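Throughout the sequence shown, residue numbering follows full-length UniProt numbering, covering 1 to 191 in sequence.
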Amino acid sequence: MPSQEAKILCDFLLTPAPLRDFITLREFTDIFPRAHRANPAVQDIYRELQRLRDKDIELVRRDIADEVKRSKQLRREYARERRQVDDAIVAGLDPIALQMEQELSGEGRKKPHTLWTVHSDIEEACQSLEAQIAEIEQQNRDVLREVQDVVGALSDLRHGRFPVSTSGDSLGEEVTVALRQLETVCGKPTG
């Protein structure tokens, strides 16, 4: 079942988005001068616009799915922080005010899990872990690519293959820059 957030975003961004919903081929053709309306290229242009529009809609659909995943993660983080605050002794906050705030926000203690709630929570946790793993793997690929680029540049220098724009004066500077870049990439903390 899609979340309320996904439903709102889809209804607002995707439902009115297809090209044919706000301009028909006839209306599009009427935009052109009378002499060119019968030209087959007009219909081709309309179809190309439809294709581009559908491609954009698909990108928005993916962005909505990503945003829903991020919001689930943010809600989990917020709930975790909230539990930590609730479990901690808060100086200067009397218990009655804390109880009123919990009742107003609806963030009291959760009911015990059922088979269905456990399953959905486990699914969310798996999705969150998969997203974190994918993010870490992408970071690793990016760092590896940077290291390979710098090592490749240094290897070219070692074997005497200099870039065309390199003069004798700037060679030392380029080597220094490449070594600093390698040092920066290798010293960069991950995550």
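All C-beta atoms, glycine included, are put in the ideal place defined by N, C-alpha and C.
Since the structure is predicted, the reported quantities are computational estimates derived from the model, not experimental observations.
- Under the three-state reduction of DSSP, Ile23 is assigned to coil, being neither helix nor strand.
- For Ile64, the closest C-alpha among the options Asp21, Ala6 and Gln148 is that of Ala6.
- In the DSSP assignment, Ala6 falls within the unbroken alpha helix (DSSP H) covering Gln4 to Leu9.
- Here the alpha carbon of Val143 sits roughly 52 Å from the alpha carbon of Arg26.
- In its chain, beyond the 5 residues on either side, no residue has a beta carbon closer than 7 Å to the beta carbon of Glu48.
- Inclusion of Ile45 and Pro18 in the CB contact set at 8 Å is not warranted, their separation being larger than that value.
- Note on Ala41: under 16 other CB atoms within 10 angstroms of its CB, so exposed under the neighbour-count rule.
- Spatial neighbours of Glu124 in its own chain (CB-CB distance under 8 Å, excluding positions within 5 residues in sequence) are listed in chain order as Lys72 and Arg76.
- Under the three-state reduction of DSSP output, Pro33 falls in the coil class, being neither helix nor strand.
- A residue is called buried when at least 16 other Cβ atoms come within 10 angstroms of its Cβ; Ala35 does not meet this threshold and is exposed.
- A Cβ-Cβ separation of about 11 Å leaves Lys69 out of contact with Ala134 under the 8 Å criterion.
- Residues of the same chain with a CB within less than 7 Å of the CB of Gln181, apart from the 5 flanking positions on each side, are Val150 in chain order.
- Residue environment for Ala153: buried (at least 16 other C-beta atoms within 10 angstroms of its C-beta).
- Here DSSP, grouped into helix, strand and coil, assigns Pro40 to helix.
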